[in-house]
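Below: one structure, written as structure tokens.
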Amino acid sequence: MMLRIILSVVKFELARSLTAGRIGIWLLLVLFPVALVGTLRLNEVPQNSAEAWGIMLYFLVPEVVCLLGLLLWATPVVSTEIEGQTWSYLALRPSGRREVILGKYLTAVVWSFSATVVSSTLSVVLMGDAGGLRLWFVMCVLSGLSALAHASLYLLIGLLFYRRTIVTAVFYTGAVEYGLSFVPAVANKLTINYRLRGLLSNWMDWENARSAAERVFGSEPTIVHLSVLVTMTVVLLVASLAKVSLSEYPTQQEG
Amino acid sequence: MIELNQVTKLYGDVIGVNDLKIELESGAYGLVGPNGSGKTTLINLLTGQLRPTLGEVRVFGEDPWKNRRLLRRIGLCPATDVLYPNVSARQWVTYLVSLYGFDATECEDLAVESLDTVGMKSRMDRPMGEYSLGMRQRAKIAQAIAHRPDLVILDEPYNGLDPVGRQQMSELLSDWVDAGKCLVFASHVLHEIESITSSFLLIFGGRLLASGTSDELEEFVTEAPQEVTVVGVGLAPLVAVLAEQPWVEAVQLDGRDKRLRLALRDPSAFYEMLPHWIEKYSLHIEQLQASQSNLSAIFESLLRYHRGDLA
Numbered sequence: 669m670m671l672r673i674i675l676s677v678v679k680f681e682l683a684r685s686l687t688a689g690r691i692g693i694w695l696l697l698v699l700f701p702v703a704l705v706g707t708l709r710l711n712e713v714p715q716n717s718a719e720a721w722g723i724m725l726y727f728l729v730p731e732v733v734c735l736l737g738l739l740l741w742a743t744p745v746v747s748t749e750i751e752g753q754t755w756s757y758l759a760l761r762p763s764g765r766r767e768v769i770l771g772k773y774l775t776a777v778v779w780s781f782s783a784t785v786v787s788s789t790l791s792v793v794l795m796g797d798a799g800g801l802r803l804w805f806v807m808c809v810l811s812g813l814s815a816l817a818h819a820s821l822y823l824l825i826g827l828l829f830y831r832r833t834i835v836t837a838v839f840y841t842g843a844v845e846y847g848l849s850f851v852p853a854v855a856n857k858l859t860i861n862y863r864l865r866g867l868l869s870n871w872m873d874w875e876n877a878r879s880a881a882e883r884v885f886g887s888e889p890t891i892v893h894l895s896v897l898v899t900m901t902v903v904l905l906v907a908s909l910a911k912v913s914l915s916e917y918p919t920q921q922e923g
Numbered sequence: 016m017i018e019l020n021q022v023t024k025l026y027g028d029v030i031g032v033n034d035l036k037i038e039l040e041s042g043a044y045g046l047v048g049p050n051g052s053g054k055t056t057l058i059n060l061l062t063g064q065l066r067p068t069l070g071e072v073r074v075f076g077e078d079p080w081k082n083r084r085l086l087r088r089i090g091l092c093p094a095t096d097v098l099y100p101n102v103s104a105r106q107w108v109t110y111l112v113s114l115y116g117f118d119a120t121e122c123e124d125l126a127v128e129s130l131d132t133v134g135m136k137s138r139m140d141r142p143m144g145e146y147s148l149g150m151r152q153r154a155k156i157a158q159a160i161a162h163r164p165d166l167v168i169l170d171e172p173y174n175g176l177d178p179v180g181r182q183q184m185s186e187l188l189s190d191w192v193d194a195g196k197c198l199v200f201a202s203h204v205l206h207e208i209e210s211i212t213s214s215f216l217l218i219f220g221g222r223l224l225a226s227g228t229s230d231e232l233e234e235f236v237t238e239a240p241q242e243v244t245v246v247g248v249g250l251a252p253l254v255a256v257l258a259e260q261p262w263v264e265a266v267q268l269d270g271r272d273k274r275l276r277l278a279l280r281d282p283s284a285f286y287e288m289l290p291h292w293i294e295k296y297s298l299h300i301e302q303l304q305a306s307q308s309n310l311s312a313i314f315e316s317l318l319r320y321h322r323g324d325l326a
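Taken in order, these protein sequences are the chains called U and Y. Each step along the first sequence adds one to the number in this note's numbering, with nothing skipped, and position 179 is 847. Each step along the second sequence adds one to the number in this note's numbering, with nothing skipped, and position 160 is 175.
Here it is, written out as structure tokens:
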């Protein structure tokens, strides 16, 4: 029954989010890496370094496109309902909290992941010899993992700070996922992007990149990166569900 | 049906409701109080959206905060508006019903049935962004009754309805009550509640002032002093005379000696003596106002008690 309710939430959320504005943002996210790759190709940038093209595509798609999409679609899932005064209609249903949150989480993942897959596909086609099926497949898998993990992170941030949710999420992303993840210290191992970069170098066999920047790409085996990512995703989701279940959400403020 | 045992809810330093003790059998009740009196806090406690700071809340014998399955038996129409502009009422109500775990066909059937009940069937496929406030209000009622709850709680359900809509809403709610279903109906407009039920809970400042039928409440305040306001010129001499009368509870003259407010235990004695005093002190009376003997007057009297204006 829980799965049925979650799917019902996803169906409703997808239907109501098919607006010109949201589709426009989705297209913008898709076309941003494509435009950049296309410009480089038009300027005949050499294609002999597949690693350089691949790393660029990784930073553009599973990191930038995916994170921007999730910032817009996963972070404000509760704050927009609270500000729109529609949360009370959901929260007073027996399955109106946990299942709704999970449904909204999956909807955000679907929106972001679809943008990254289309963007990766078009970009890899434009990259020609520097691309290839393997790079495309790895980008799609990394985008999926990035969407699942980052969405759970932004969901929790949105639930903890639902008054300045986007600002908090942007600050966290800048400071931790783009700042700390590049710091050659133990702390960077606790970031999602470090694990994604480790998987990228493992799955693409980019030993040159790893040896040049081991603290950035990591040296752990694939199973370690995957286990940490799955654990982080599950822990963040469980924390979000606990937070939403235990919080008080009055229908309106009253003195 | 509802039991609140010494329930207090604090928002930081602000009191939402204070030491509420209520026991209600199944039936229909009007929750009356001005804006900010604690009605919505009480509703949030009954629907498990708030946890009491002190005390215990029971609805159908269960704690709504701890047992969320209880919400299957409750329908709530909040005072807040619905803001899904590109979603139709049918989609919205179907979605909300699906959160109770009904299968897709059942959700659709229940949603259409409830929208038909509130007179929205012909317009249920239009986006809610095109609805008037009254139509959105009907859609809100539909989502509250669609899953066939045992208890419906309505917070200001007449907001935005035109006179015809109000009449239709009253008929709808009366039918609900006549069908033996439970209803708690919050409003700050007394006559709206009086048209649906004669049982009231009067709430102010987070406290329950009184509860019972309008007749019981009227009887309760029969002994209370009745307020009479005298408007005129040269009223000052009356103050000294009235202060000596045993049936005068309170006398208050405004700064310009033009308005005299009295609390009288025996208003008939006052009306008997008034012509004599008019002649003796050459008073010029422009207006004489007595509080009306309806629920509004009862509420005003209880509020004055609560504020300490009356002994």
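No residue lacks a Cβ here, since even glycine has one placed at the ideal position from N, Cα and C. These numbers were taken from a predicted model, which means no experiment stands behind them.
Checklist entry - Using the C-alpha atoms, what's the distance from Pro-762(U) back to Arg-276(Y)? => result 53 Å
Next on the checklist: DSSP has Phe-200(Y) in a bridge; who is on the other side?
Outcome noted: Gly-45(Y) and Leu-169(Y)
Checklist entry - Cα separation between Glu-121(Y) and Glu-681(U)? => result Distance between the alpha carbons of Glu-121(Y) and Glu-681(U) is about 20 Å.
Checklist entry - What residues of chain Y sit near Arg-632(U), judged by a beta carbon separation below 9 Å? => result Outside the displayed span of chain U (669 to 923) sits residue 632(U), for which this structure offers no information.
Checklist entry - For Leu-671(U), is the classification buried or exposed, using 16 other Cβ atoms within 10 angstroms of its Cβ as the cut-off for buried? => result When all chains shown are included, Leu-671(U) counts as exposed.
Next on the checklist: Please list, in chain order, the chain Y residues whose beta carbon lies closer than 8 Å to that of Gly-770(U).
Outcome noted: According to the sequence provided, residue 770(U) is Leu. The question's Gly does not apply to it. Per Cβ cutoff of 8 Å: no residues; Leu-770(U) is ~12 Å from chain Y at best.
Checklist entry - Is it right to say Met-900(U) is buried, meaning 16 or more other beta carbons lie within 10 angstroms of its own, or is it exposed? => result Result: buried.
Next on the checklist: Would the segment 28-37 of chain Y count as touching the segment 49-66 of chain Y if we require 3 or more Cβ pairs under 8 Å?
Outcome noted: yes
Next on the checklist: Determine, for Val-179(Y), whether the minimum Cβ-Cβ distance to residues of chain U falls below 8 Å.
Outcome noted: no
Item to check | Counted within 10 angstroms of its Cβ, other Cβ atoms place Arg-83(Y) as buried (16 or more) or exposed | outcome: buried
Next on the checklist: Are the CB atoms of Ser-780(U) and Leu-738(U) within a distance shorter than 8 Å?
Outcome noted: Contact: yes.
Checklist entry - What residues from the segment 89-102 of chain Y come within 7 Å of chain U, judged by C-beta to C-beta, listed N to C? => result Leu-91, Pro-93, Ala-94, Thr-95, Asp-96, Val-97, Leu-98, Tyr-99, Asn-101 and Val-102
Next on the checklist: Tell me the DSSP secondary structure of Glu-922(U) in three-state form.
Outcome noted: Legend: pLDDT at Glu-922(U) = 47, less than 50; position of this residue unreliable, value from coordinates given subsequently. Reduced to three states, the DSSP call for Glu-922(U) is coil.
Item to check | Pairwise C-alpha distance: Met-184(Y) and Tyr-173(Y) | outcome: Roughly 7 Å between the two C-alpha positions.
Next on the checklist: Counting beta carbon pairs with one atom in the segment 887-897 of chain U and one in the segment 858-873 of chain U, are three or more of them shorter than 8 Å?
Outcome noted: yes
Checklist entry - Which residues share a DSSP beta bridge with Ser-228(Y)? => result The sequence shown places Thr at residue 228(Y), not Ser. DSSP, once it has assigned bridges, lists Ser-214(Y) as partnering Thr-228(Y).
Checklist entry - Quick one: complete alpha helix (DSSP H) runs, 4+ long, within the segment 79-164 of chain Y? => result 104-113, 119-132 and 148-160
Checklist entry - Cβ of Phe-680(U) less than 8 Å from any chain Y Cβ? => result yes
Checklist entry - Does DSSP put Val-713(U) in a helix, a strand or coil? => result coil
Next on the checklist: Please return the same chain residues whose Cβ sits closer than 7 Å to the Cβ of Gly-923(U), not counting the five positions on each side in sequence.
Outcome noted: In this prediction, Gly-923(U) has a pLDDT of 36, which is less than 50 and means its spatial position is unreliable; what the coordinates show is noted afterwards. Nothing listed; no residue qualifies.
Item to check | Rounded Cβ spacing between Val-745(U) and Leu-823(U) (contact assumed at less than 8 Å) | outcome: Your pair Val-745(U) and Leu-823(U) checks out as a contact, with CB atoms roughly 7 Å apart and the cut at 8 Å.
Next on the checklist: With the cut-off set at 8 Å, would you say Tyr-773(U) and Ala-819(U) are in Cβ contact?
Outcome noted: Yes; because the gap between Cβ atoms is below 8 Å, this pair is in contact.
Item to check | Where the beta strand (DSSP E) containing Asn-33(Y) begins and where it ends | outcome: 29-39
Checklist entry - Buried or exposed: Arg-878(U), going by 16 or more other Cβ atoms within 10 Å of its Cβ? => result buried
Checklist entry - Can you name the start and end residues of the alpha helix (DSSP H) that Gln-183(Y) belongs to? => result From DSSP, the alpha helix (DSSP H) with Gln-183(Y) extends over 178-193.
Checklist entry - Tell me, which residues are paired with Asn-20(Y) by DSSP? => result Glu-71(Y)
Next on the checklist: I need the DSSP call for Thr-244(Y), collapsed to helix, strand or coil.
Outcome noted: strand
Next on the checklist: Taking 8 Å as the threshold (C-beta atoms), are Gly-45(Y) and Thr-212(Y) in contact?
Outcome noted: yes
Next on the checklist: With a threshold of 8 Å on Cβ separation, who are the neighbours of Trp-107(Y) within its own chain once the five nearest residues in sequence on each side are excluded?
Outcome noted: Shown here for Trp-107(Y): same chain residues with a beta carbon closer than 8 Å to its own, the five before and five after excluded, namely Val-97, Tyr-99, Met-143, Ala-154 and Gln-158 in chain order.
Next on the checklist: In the DSSP output, which residue or residues are listed as bridge partners for Ile-300(Y)?
Outcome noted: Gly-247(Y)
Next on the checklist: Out of Leu-914(U), Ser-908(U) and Glu-916(U), which one is the CA nearest neighbour of Ala-742(U)?
Outcome noted: Put simply, of Leu-914(U), Ser-908(U) and Glu-916(U) the residue whose alpha carbon is nearest the alpha carbon of Ala-742(U) is Ser-908(U).
Checklist entry - What in chain U is Cβ-close to Arg-87(Y), meaning under 8 Å? => result Pro-762
Next on the checklist: Output needed for Trp-874(U): all residues of its chain with C-beta closer than 7 Å, excluding positions within five of it in sequence on either side, in chain order.
Outcome noted: Glu-719
Checklist entry - Which residues in chain U sit within 8 Å of Leu-46(Y), going by Cβ to Cβ distance? => result None at all; the shortest Cβ gap to chain U is about 13 Å.
Item to check | Sequence-distant residues of the same chain with beta carbon closer than 6 Å to Ser-849(U), five excluded per side | outcome: If we look at Ser-849(U) and ignore the five residues flanking it on each side, its Cβ neighbours are Asn-856, Thr-859, Asn-861 and Tyr-862.
Checklist entry - Among the residues of its own chain, which have a CB less than 8 Å from the CB of Asn-876(U), if the five just before and after it don't count? => result Glu-719
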